[in-house]
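The next block holds one structure in the form of structure tokens; read it before the comments.
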Amino acid sequence: MTQSPSDSIADSSPAETFPASRWTQGNFFFPTRLVISPQRVSRVKSRLFGSNEESIAISKIASVHISTGVIWSEIVIESTGGTDPITSHGHRKKDAQRIRDLIEQYQAQAR
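Under this note's numbering, the letters of the sequence shown match residues 18 to 128, in that order.
See the structure below:
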């Protein structure tokens, strides 16, 4: 888990980045990263040339599902807008819980 500056200068809360493990399917060369900020949740999947990014605004998140295995967790973040959910697998259990807690905290602050 690393912290980077937030996209918004007005908000002092930094964005937190949660990379998936390289030992999980599809993450060996370019692991998926979930970036959680007070404004949005982004899933960034790097490729050889460029990257693929999808995001959901914090205010539009309906639910966060965590499915845990022995070591790794899968996270499904669903939106209220009817778009496809953000799904990411290969995260540590502790990181998955931190992601859920951050989303709930940012939603509570927005109210």
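Backbone N, C-alpha and C define an ideal beta-carbon position, used for all residues, glycine too.
All of these numbers come straight from a predicted model, not from anything done at the bench.
What did DSSP end up calling residue i once you bin it into helix, strand or coil?
i    : result
S68  : strand
R39  : coil
I109 : With the sequence shown as reference, residue 109 is identified as Arg, and Ile is not the correct amino acid for it. Strand at R109.
R117 : helix
How many angstroms separate the CA atom of residue i from the CA atom of residue j?
i    : j    : result
I78  : S96  : 4 Å
D118 : W40  : 25 Å
Q42  : R109 : 14 Å
S80  : E121 : 9 Å
D130 : F35  : Look at the range of the chain in this structure, 18 to 128, and you will see that residue 130 is not part of it.
S54  : I75  : 8 Å
G67  : I94  : 24 Å
I73  : D101 : 10 Å
T85  : Q114 : 10 Å
Residue j and residue i - do their beta-carbons sit closer together than 7 Å?
i    : j   : result
A37  : G98 : no
I116 : E71 : no
L51  : R60 : yes
Let me check one thing: in DSSP terms, what residues is residue i bridge-paired to?
i    : result
L51  : F35, R60
I78  : S96
I103 : I94
I83  : I92
I73  : V58
Touch test, the segment 43-54 against the segment 84-91, Cβ-Cβ under 8 Å, three pairs minimum: no
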